[in-house]
Amino acid sequence: MIKLNDFLNITQYETGHLEVVNQQDVYGKTAISLEVYGFEFNKLICVYDIVSQEVLEIIAEDHALGKSYVWQTSDIKGLGNYRDYLIELETEEDILEKAEAIFFHKPYDSRIVIPLDIKDEDFLMYAKAAHKLDITINEFMEQAIREMVEKYKG
1 MIKLNDFLNI TQYETGHLEV VNQQDVYGKT AISLEVYGFE FNKLICVYDI
51 VSQEVLEIIA EDHALGKSYV WQTSDIKGLG NYRDYLIELE TEEDILEKAE
101 AIFFHKPYDS RIVIPLDIKD EDFLMYAKAA HKLDITINEF MEQAIREMVE
151 KYKG
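Take the sequence shown: its letter number 52 is residue 52 in this note's numbering, and every next letter is one higher.
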């Protein structure tokens, strides 16, 4: 769970425009939206609950690269401020890393982190297969995911 303090840490406690969230049916009656501007009009938007301090949604807009990312709690995934141009991220760590880099205009990995839950015996099998191909386990998993996407895409 991301707390407001986690978000403020990545902006070094810089705050910006606060407003009550319009879509209270999605976010709840105690939700507030915080907008913070970084380098070259890059923008971070954090929707959080003022009572629990839980972050419900983070949007990180990188105008230099023309990419915008969104992370939402599982309770509201796909709802609210969600827009078609946003790249949906799966993990809290991924949005926090990208948001900090975007805010301070630092290089970052624009790929999407996908959490994989693999049993130990399966992991060993994948590691051996990656070793045979002389690639890392991450490269092996990335290749497997790409092949699966292409298979189901076409």
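Just so it is clear, CB atoms sit at the ideal spot from N, CA and C, and this is done for glycine as well.
Worksheet item: For E92, which residues from the same chain have a beta carbon less than 6 Å from its beta carbon, with the 5 sequence-adjacent residues on both sides left out?
Response: Hits under 6 Å: I2.
Worksheet entry | Range of the contiguous beta strand (DSSP E) that encloses D75 | Neither: D75 is in no beta strand (DSSP E) and is coded neither H nor E.
Worksheet item: In or out: Y85 buried (at least 16 other Cβ within 10 Å) or exposed?
Response: exposed
Worksheet item: Once you ignore the five residues that flank T11 on each side, which residues in its own chain have a CB closer than 7 Å to its CB?
Response: V36, L44 and F103
Discussion item. For N205, tell me which candidate among E90, D25, R111 and E121 has the shortest Cα-Cα distance.
Written reply: Since the first residue of the chain shown is 1 and the last is 154, residue 205 is not available in this structure.
Worksheet entry | Whole-Å CB distance - D25 paired with L96, under 8 Å assumed | Not really, about 27 Å apart at Cβ, beyond 8 Å.
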